[in-house]
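Since the structure comes first, as structure tokens, the remarks are kept for the end.
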Amino acid sequence: MPPNSAHGKLDTEETNAAAWQATRGAVTGAARWGIYSAVAAGIAYAYSPIYRGLTIQFKVFLQMSGMIFGSVIEADERLRIYGERSRRQKVMARDAAVWRRYEEEFESLGIQGVTSEARTRKDRPEEQQEEK
1 MPPNSAHGKL DTEETNAAAW QATRGAVTGA ARWGIYSAVA AGIAYAYSPI
51 YRGLTIQFKV FLQMSGMIFG SVIEADERLR IYGERSRRQK VMARDAAVWR
101 RYEEEFESLG IQGVTSEART RKDRPEEQQE EK
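Counting from 1, one number per residue, gives the positions in the sequence shown under the UniProt record's numbering.
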């Protein structure tokens, strides 16, 4: 695997976090769908003479197929949710930075009534002391 790609470095903290989310999704999906497959196999064994006639290897294949299907579905879902959340956080951080620049610009121009959040928090205890 090349150290750098066209989209930037591949081994970043964000990439590792996304991989862990996909892994967690795959494990939970395999467990969940494995249980579903086992229940379906039990029902099929109880009611289907065709299923009872299958070889153990094919029954294991059917069980594993359900588990793999579940792991793929759940990993994809978790990865999509993680990507959505990550994009939303980046947009919020970018918007907050733009807003801070606007506040700083207005403060530097001396426009009344515009105070950054940081200055408001710093000045608040002094204002409360002056009122007393």
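Note that the Cβ used here is the ideal one computed from N, Cα and C, for glycine as well.
| Asked | Found |
| --- | --- |
| How many Å lie between residue 21 and residue 37 at the Cα? | 24 angstroms |
| Less than 8 angstroms between the beta carbons of residue 66 and residue 34, yes or no? | yes |
| Alpha helix (DSSP H) containing residue 34: first to last residue? | 13-47 |
| Count the other CB atoms within 10 Å of the CB of residue 74; is the residue buried (16 or more) or exposed (fewer)? | buried |
| Once DSSP output is grouped into helix, strand and coil, what is the label at residue 111? | coil |
| DSSP three-state call for residue 83: helix, strand or coil? | helix |
| Straight-line CA distance for residue 49 to residue 40? | 14 angstroms |
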